[in-house]
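Colleague:
Number of protein chains: 2
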Amino acid sequence: MDNDIFYNPTKVIFGRNTELLVGDEVAKYGDKVLLHYGGGSAERSGLLDRVRKSLKASDITVYELGGVKSNPRLELVYEGIAMCRSNGIGFVLAVGGGSVIDSAKAIACGTPNSDDVWDYFLEEKTAKAILPIGTILTIPGAGSESSDGMVITNEKTRQKLAYSDLGARPVFSILNPELTFSVPAYHTAAGISDAIAHIMERYFTKTEHTDVVDRMCESVMRGLMRNAKAAITQPEDYNARAEIMWACKVAHDGLLGMGREEDWGSHAIEHEVSAVFDVSHGAGLSAIFPAWIKYVYKNKPQRFIQWAMRVFDVEYDVTDPDWTVMQGLKRYLGFLKSINMPTSLRDLGVTDKSVLDEMAHKCAEDNGGTVGHFAVLKESDIRNIYELAY
Amino acid sequence: MDNDIFYNPTKVIFGRNTELLVGDEVAKYGDKVLLHYGGGSAERSGLLDRVRKSLKASDITVYELGGVKSNPRLELVYEGIAMCRSNGIGFVLAVGGGSVIDSAKAIACGTPNSDDVWDYFLEEKTAKAILPIGTILTIPGAGSESSDGMVITNEKTRQKLAYSDLGARPVFSILNPELTFSVPAYHTAAGISDAIAHIMERYFTKTEHTDVVDRMCESVMRGLMRNAKAAITQPEDYNARAEIMWACKVAHDGLLGMGREEDWGSHAIEHEVSAVFDVSHGAGLSAIFPAWIKYVYKNKPQRFIQWAMRVFDVEYDVTDPDWTVMQGLKRYLGFLKSINMPTSLRDLGVTDKSVLDEMAHKCAEDNGGTVGHFAVLKESDIRNIYELAY
Numbered sequence: 001m002d003n004d005i006f007y008n009p010t011k012v013i014f015g016r017n018t019e020l021l022v023g024d025e026v027a028k029y030g031d032k033v034l035l036h037y038g039g040g041s042a043e044r045s046g047l048l049d050r051v052r053k054s055l056k057a058s059d060i061t062v063y064e065l066g067g068v069k070s071n072p073r074l075e076l077v078y079e080g081i082a083m084c085r086s087n088g089i090g091f092v093l094a095v096g097g098g099s100v101i102d103s104a105k106a107i108a109c110g111t112p113n114s115d116d117v118w119d120y121f122l123e124e125k126t127a128k129a130i131l132p133i134g135t136i137l138t139i140p141g142a143g144s145e146s147s148d149g150m151v152i153t154n155e156k157t158r159q160k161l162a163y164s165d166l167g168a169r170p171v172f173s174i175l176n177p178e179l180t181f182s183v184p185a186y187h188t189a190a191g192i193s194d195a196i197a198h199i200m201e202r203y204f205t206k207t208e209h210t211d212v213v214d215r216m217c218e219s220v221m222r223g224l225m226r227n228a229k230a231a232i233t234q235p236e237d238y239n240a241r242a243e244i245m246w247a248c249k250v251a252h253d254g255l256l257g258m259g260r261e262e263d264w265g266s267h268a269i270e271h272e273v274s275a276v277f278d279v280s281h282g283a284g285l286s287a288i289f290p291a292w293i294k295y296v297y298k299n300k301p302q303r304f305i306q307w308a309m310r311v312f313d314v315e316y317d318v319t320d321p322d323w324t325v326m327q328g329l330k331r332y333l334g335f336l337k338s339i340n341m342p343t344s345l346r347d348l349g350v351t352d353k354s355v356l357d358e359m360a361h362k363c364a365e366d367n368g369g370t371v372g373h374f375a376v377l378k379e380s381d382i383r384n385i386y387e388l389a390y
Numbered sequence: 391m392d393n394d395i396f397y398n399p400t401k402v403i404f405g406r407n408t409e410l411l412v413g414d415e416v417a418k419y420g421d422k423v424l425l426h427y428g429g430g431s432a433e434r435s436g437l438l439d440r441v442r443k444s445l446k447a448s449d450i451t452v453y454e455l456g457g458v459k460s461n462p463r464l465e466l467v468y469e470g471i472a473m474c475r476s477n478g479i480g481f482v483l484a485v486g487g488g489s490v491i492d493s494a495k496a497i498a499c500g501t502p503n504s505d506d507v508w509d510y511f512l513e514e515k516t517a518k519a520i521l522p523i524g525t526i527l528t529i530p531g532a533g534s535e536s537s538d539g540m541v542i543t544n545e546k547t548r549q550k551l552a553y554s555d556l557g558a559r560p561v562f563s564i565l566n567p568e569l570t571f572s573v574p575a576y577h578t579a580a581g582i583s584d585a586i587a588h589i590m591e592r593y594f595t596k597t598e599h600t601d602v603v604d605r606m607c608e609s610v611m612r613g614l615m616r617n618a619k620a621a622i623t624q625p626e627d628y629n630a631r632a633e634i635m636w637a638c639k640v641a642h643d644g645l646l647g648m649g650r651e652e653d654w655g656s657h658a659i660e661h662e663v664s665a666v667f668d669v670s671h672g673a674g675l676s677a678i679f680p681a682w683i684k685y686v687y688k689n690k691p692q693r694f695i696q697w698a699m700r701v702f703d704v705e706y707d708v709t710d711p712d713w714t715v716m717q718g719l720k721r722y723l724g725f726l727k728s729i730n731m732p733t734s735l736r737d738l739g740v741t742d743k744s745v746l747d748e749m750a751h752k753c754a755e756d757n758g759g760t761v762g763h764f765a766v767l768k769e770s771d772i773r774n775i776y777e778l779a780y
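Those protein sequence lines, which keep their order, are chains Z and R. For the first sequence, my numbering gives the first residue as 1, with consecutive numbering after it. For the second sequence, my numbering gives the first residue as 391, with consecutive numbering after it.
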């Protein structure tokens with residue numbers, strides 16, 4: 001294990017009806033809140049009304065900003081920052097999935113500083129202060145409910161970039177699995193694919209002696225796969241929804257990366273796909289990650305052999321270890337297909353290869369020339385992975 | 391999963407030389423510290439000098455209170471409280487193992503309140519304020535470095551009681567595996583036994599649908615057993631020491647009990663043993679827990695079948711599920727013996743059965759009549775478990 005710090009102070013309030021506690025929680029931080037959300041589903045389901053009522057009961061003045069789309073846009077972030085500044089709002093409450101939470105985090109980073117918030121994503125500056133953030137999660141997967149990161153899309157420059165800051169971890173996150181009953185099968189599956197990818201970005205590491213955390217990674221991957229089918233096919237199965245919701249949180253709260261160098265190459269490679277084609281991030285990862293594995297596993301085959309054996313119960317073939325890896329990959333692909341996730345760029349609707357060169361170029365450029373740590377990939381490697389994923 | 395809250399804001403600073411950061415960390419909370427420790431080993435090793443130096447470099451005034459013994463005593467807690475009050479000390483820094491940290495927590499609970507701190511342990515009152523606590527851990531196992539609990543022995547009443555308070559989680563804990571190189575084999579093994587017990591107290595639950603957390607429990611138990619031998623027989627094996635240190639933290643930071651009813655009967659039953667015989671808590675658990683399993687597994691055999699299969703790779707016997715459990719138990723006992731832990735009260739030096747009646751009586755009495763939740767055990771059950779463990 002490498003030297004490392006684990007610090008995750010997000011208070012997670014888990015279970016049925018927990019959204020009714022939101023007023024009490026927000027009141028600990030202030031009396032004015034920006035209520036930030038996406039489209040109409042939180043309104044239609046009555047969730048937003050319950051939230052408003054709880055906030056009102058705690059004498060909190062509510063300012064609202066809806067309209068967050070998946071792959072959340074910088075323009076709306078600017079709008080939120082302006083609202084918070086002009087009204088002296090000191091708390092941002094996100095009600096929604098990862099996109100809403102990421103947008104809320106960016107607003108919280110931008111509001112109390114005089115910088116252009118986009119400079120943080122360009123890695124030119126870091127936020128000196130950040131407003132406290134709370135979340136009520138409705139779509140598990142992104143893990144933003146207790147992570148320190150956010151991803152925002154700048155439509156003008158066609159860039160989709162990430163910013164991480166320890167101060168951006170929500171102070172509380174409310175996770176009620178019932179609120180996920182209405183998540184459609186496709187988005188449920190995309191969330192699961194995303195969560196598995198969050199674990200694999202940490203699992204495939206060059207760091208040696210990572211036994212306990214490895215085993216924890218494997219257990220959460222298995223748990224996600226074990227409960228995926230029920231959560232998708234029986235959308236009101238509370239138990240399966242609860243398992244998935246909790247596993248998605250653990251997958252990205254930092255614990256599973258403790259003491260090791262993480263990779264994050266596949267995420268960067270996927271971000272280019274969803275920036276250009278506006279596909280769901282988890283679906284994009286479902287096409288990219290298998291290709292990444294195929295491309296890089298020879299760098300350190302034992303990582304992938306262990307993964308195949310412990311996550312997918314593949315028998316070790318002493319005479320042909322590569323077979324073991326390929327069987328693991330086959331089962332991973334089989335799982336993704338079983339939950340109707342795309343496993344190629346064509347499945348995602350990319351019908352023209354000519355765009356791949358530009359994507360690879362942009363991906364390398366946006367990330368300072370290379371992506372990844374387990375495998376350091378330059379533009380030509382990224383292009384090869386797009387090719388494999390096509 | 392049951393409704394539950396996960397909130398663990400302890401910042402864990404992990405790795406080589408991390409004790410040198412202690413001054414910076416304490417300075418965030420104040421300029422006067424009670425440096426609390428045990429016997430001479432932290433002095434002899436030079437650790438205390440490094441700590442003093444780091445605190446001094448951060449302009450922190452240091453007051454010292456050493457002398458904590460295993461099964462930490464209430465008398466010393468009172469002394470610490472008096473020191474903190476008379477000197478206006480606002481931070482308690484524990485340098486040592488679980489006993490030192492528990493003692494520090496009790497001092498931190500007692501200082502800012504006018505109550506007798508023992509009333510918290512008698513469940514008559516709760517602390518209204520608690521001083522911030524930091525730790526530099528030297529003996530892994532108890533998990534006190536990021537738990538909310540503490541156990542203190544009142545020699546006058548011969549009671550060993552626990553108190554838990556969310557405010558008692560250390561604000562930071564420094565975990566440098568090198569500091570554990572000097573932990574003798576017996577105490578290393580006792581710590582590992584304790585950590586496995588912390589997981590099993592959570593794992594054996596009546597709560598249904600606990601899949602993901604179950605798997606995480608299993609992975610940490612396996613990790614502890616996988617690395618135990620190396621940590622014990624090659625005391626300067628950094629990698630094994632690091633795995634054990636991290637696993638012991640995870641075992642008791644609350645994560646592995648998320649969304650479930652926990653048991654804690656074996657701990658209460660063991661506390662009576664170490665209160666009377668002053669044996670190491672982890673060694674006591676090594677004698678008590680197997681007896682507890684034997685006594686209660688029929689309440690819900692599938693929990694124990696799963697444990698046997700997933701933690702100990704026992705093959706499931708469809709025609710004789712009990713065999714599966716007994717094989718698991720046999721392998722658990724085999725593991726404990728392999729690390730030279732006692733597996734009976736006689737191994738612990740209890741040579742006279744006549745004391746068992748009184749211990750069972752006291753155990754029930756101290757815990758309001760019964761112990762445990764998975765299995766609710768009254769005095770006669772506790773007596774039976776002592777008998778099985780004899």
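Every residue gets a Cβ at the ideal spot worked out from N, C-alpha and C, and that includes glycine. Owing to the predicted nature of the structure, the values given are computational and were not obtained by experimental measurement.
Under 9 Å, do H373(Z) and E262(Z) count as touching if we go by C-beta distance?
Modeller: Counting from 1 along the first sequence, the entry for residue 373(Z) is found at position 373. Counting from 1 along the first sequence, the entry for residue 262(Z) is found at position 262. Yes. Within cutoff.
Colleague: When the Cα of M749(R) is compared with those of G480(R), I395(R), N774(R) and L719(R), which residue comes out closest?
Modeller: Taking the first residue of the second sequence as position 1, residue 749(R) is located at position 359. Of the candidates G480(R), I395(R), N774(R) and L719(R), the one whose C-alpha sits nearest the C-alpha of M749(R) is N774(R).
Colleague: Quick one: list the residues of chain Z neighbouring E608(R), beta-carbon separation under 9 Å, in chain order.
Modeller: As a working note, residue 608(R) is residue 218 in the second sequence. The contacting residues are R215 and S219.
Colleague: Within 10 angstroms of its Cβ, does V708(R) collect 16 or more other Cβ (buried), or is it exposed?
Modeller: Taking the second sequence and counting its residues from 1, one reaches residue 708(R) at position 318. Result: exposed.
Colleague: Would you mind stating whether V412(R) and I564(R) have Cβ atoms separated by less than 9 Å?
Modeller: For this step, residue 412(R) is matched to residue 22 along the second sequence. For this step, residue 564(R) is matched to residue 174 along the second sequence. Yes. Within cutoff.
Colleague: Just confirm the distance between the C-beta atoms of K422(R) and G480(R), as a whole number of angstroms; I'd bet it's less than 8 Å.
Modeller: By 1-based counting over the second sequence, the position of residue 422(R) is 32. By 1-based counting over the second sequence, the position of residue 480(R) is 90. Right, the Cβ-Cβ distance comes to about 6 Å (below 8 Å), so this counts as a contact.
Colleague: Are there any heavy atoms of the ligand COA lying less than 8 Å away from the beta-carbon of A517(R), as far as the coordinates show?
Modeller: This structure does not include the ligand COA; it has no bound ligands of any sort.
Colleague: What does H198(Z) pair with, by DSSP beta-bridge criteria?
Modeller: By one-based count along the first sequence, residue 198(Z) stands at place 198. H198(Z) pairs with nothing; no bridge assigned.
Colleague: Output, in chain order, the set of chain Z residues within a Cβ distance shorter than 7 Å of H642(R).
Modeller: Within the second sequence, the letter at position 252 stands for residue 642(R). Ordered by position in chain Z, no residue passes the 7 Å Cβ test against H642(R), which lies about 14 Å from the chain.
Colleague: Could you give the distance in angstroms between the alpha-carbon of I288(Z) and the alpha-carbon of G334(Z)?
Modeller: Translated into the one-based positions of the first sequence, residue 288(Z) becomes position 288. Translated into the one-based positions of the first sequence, residue 334(Z) becomes position 334. Their backbone Cα atoms lie some 15 Å apart in a straight line.
Colleague: Kindly identify the DSSP beta-bridge partner or partners of K160(Z).
Modeller: Translated into the one-based positions of the first sequence, residue 160(Z) becomes position 160. Paired residue(s): T153(Z).
Colleague: Give a yes or no on whether the minimum CB-CB distance between V212(Z) and chain R is below 9 Å.
Modeller: In the first sequence, the residue the question calls residue 212(Z) occupies position 212. Closer than 9 Å to some Cβ of chain R, the Cβ of V212(Z) qualifies, so yes.
Colleague: Alpha carbon to alpha carbon, how far is P170(Z) from V51(Z)?
Modeller: Numbered from 1 along the first sequence, position 170 holds the residue referred to as residue 170(Z). Numbered from 1 along the first sequence, position 51 holds the residue referred to as residue 51(Z). Going by the C-alpha atoms only, they are around 17 Å apart.
Colleague: Tell me whether the beta-carbon of D584(R) lies closer than 9 Å to the beta-carbon of G672(R).
Modeller: Residue numbering aside, residue 584(R) sits at position 194 when the second sequence is read from its first letter. Residue numbering aside, residue 672(R) sits at position 282 when the second sequence is read from its first letter. Contact: yes.
Colleague: Mind listing which residues of the region 693–720 of chain R have their C-beta closer than 7 Å to chain Z's C-betas, in chain order?
Modeller: Within the region 693–720 of chain R, no residue qualifies.
Colleague: In this structure, does DSSP put V507(R) in helix, strand or coil?
Modeller: Translated into positions along the second sequence, residue 507(R) becomes position 117. Of the three classes helix, strand and coil, the one that applies to V507(R) here is coil, per DSSP.
Colleague: Count the other CB atoms within 10 Å of the CB of S476(R); is the residue buried (16 or more) or exposed (fewer)?
Modeller: Working through the second sequence from its first residue, we reach residue 476(R) at position 86. Under this definition S476(R) is an exposed residue.
Colleague: Nearest-angstrom Cα distance between G97(Z) and K727(R)?
Modeller: Start at 1 with the first residue of the first sequence, and residue 97(Z) comes out as number 97. Start at 1 with the first residue of the second sequence, and residue 727(R) comes out as number 337. Each residue's alpha carbon lies about 50 Å from the other.
Colleague: Going by DSSP in three states, D4(Z) sits in which element: helix, strand or coil?
Modeller: Reading the first sequence from its first residue, position 4 is the one you call residue 4(Z). Of the three classes helix, strand and coil, the one that applies to D4(Z) here is strand, per DSSP.
Colleague: Along the chain, where does the alpha helix (DSSP H) that runs through V250(Z) open and close?
Modeller: Along the first sequence, one-based indexing puts residue 250(Z) at 250. Note, V250(Z): alpha helix (DSSP H), Y238 to A251.
Colleague: List the residues of chain Z whose Cβ lies closer than 8 Å to the Cβ of I395(R), in chain order.
Modeller: If you number the second sequence from 1, residue 395(R) lands on position 5. K11, V12, I13 and F14, listed in chain order.
Colleague: So the alpha helix (DSSP H) Y78(Z) belongs to, where does it begin and stop?
Modeller: Here residue 78(Z) corresponds to residue number 78 of the first sequence, with the count starting at 1. Here the alpha helix (DSSP H) through Y78(Z) covers L74 to N87.
Colleague: Using the rule of at least 16 other Cβ atoms within 10 Å of the residue's Cβ for burial, across every protein chain shown, is E201(Z) buried or exposed?
Modeller: For the purposes of this step, residue 201(Z) is taken as residue 201 along the first sequence, with counting starting at 1. Burial call: buried.
Colleague: Mapping DSSP to helix, strand and coil, what is H661(R)?
Modeller: Counting from 1 along the second sequence, the entry for residue 661(R) is found at position 271. Helix.
Colleague: With S380(Z) as the anchor, note down where its alpha helix (DSSP H) starts and where it stops.
Modeller: As a working note, residue 380(Z) is residue 380 in the first sequence. Run containing S380(Z): E379 to A389, per the alpha helix (DSSP H) assignment.
Colleague: Could you say which of A247(Z), Y386(Z) and I133(Z) lies nearest to C217(Z) if we only look at CA atoms?
Modeller: As a first step, residue 217(Z) is located in the first sequence; it is residue number 217 there, counting from the start. Among A247(Z), Y386(Z) and I133(Z), the Cα nearest to that of C217(Z) belongs to A247(Z).
Colleague: Using 10 angstroms around the beta-carbon of R44(Z), count the other beta-carbons present and answer buried if the total reaches 16, otherwise exposed.
Modeller: Locating residue 44(Z) in the first sequence gives position 44, where the first residue counts as 1. Exposed, by the Cβ-count rule.
Colleague: For a contact defined as C-beta to C-beta under 8 Å, what are the partners of T18(Z) on chain R?
Modeller: Along the first sequence, read from residue 1 onward, the residue named residue 18(Z) stands at position 18. Those are N393, listed as they occur along chain R.
Colleague: Report the residue ranges of all alpha helix (DSSP H) runs contained in full by the region 172–216 of chain Z; include only those spanning at least 4 residues, in chain order.
Modeller: Runs of the alpha helix (DSSP H) inside the region 172–216 of chain Z: 185–203.
Colleague: In three-state terms, what does DSSP make of L483(R)?
Modeller: Numbered from its first residue, the second sequence carries residue 483(R) at position 93. The answer is strand: DSSP assigns L483(R) an E or B state.
Colleague: Just checking my contact of F172(Z) with K11(Z) at CB under 8 Å: how many whole Å lie between their CB atoms?
Modeller: Within the first sequence, numbered from 1, the residue matching residue 172(Z) stands at position 172. Within the first sequence, numbered from 1, the residue matching residue 11(Z) stands at position 11. That belief holds up - the Cβ atoms of F172(Z) and K11(Z) are roughly 4 Å apart, short of 8 Å.
Colleague: Does the Cβ of T623(R) have 16 or more other Cβ atoms within 10 Å, making it buried, or fewer, making it exposed?
Modeller: Position 233 of the second sequence holds residue 623(R). Label assigned to T623(R): exposed.
Colleague: Return the residues of the region 753–772 of chain R that lie within a Cβ-Cβ distance of less than 9 Å from chain Z, sorted by chain order.
Modeller: The region 753–772 of chain R vs chain Z, Cβ under 9 Å: nothing.
Colleague: Spatial neighbours of V117(Z) within its chain, please: CB distance less than 7 Å, with the 5 preceding and 5 following residues excluded, ordered by chain position.
Modeller: In the first sequence, the residue the question calls residue 117(Z) occupies position 117. Excluding residues within five positions, the ones whose Cβ falls inside 7 Å are V77, I81, A106, C109 and G110.
Colleague: May I have the straight-line CA-CA distance separating S280(Z) from S70(Z), to the nearest angstrom?
Modeller: Locating residue 280(Z) in the first sequence gives position 280, where the first residue counts as 1. Locating residue 70(Z) in the first sequence gives position 70, where the first residue counts as 1. Approximately 7 Å between the Cα atoms of the pair.
Colleague: Out of curiosity, what's the CA-to-CA distance linking T210(Z) and E633(R)?
Modeller: Residue 210(Z) sits at position 210 when you count from the first residue of the first sequence. Residue 633(R) sits at position 243 when you count from the first residue of the second sequence. So the alpha carbons of these two residues sit roughly 7 Å apart.
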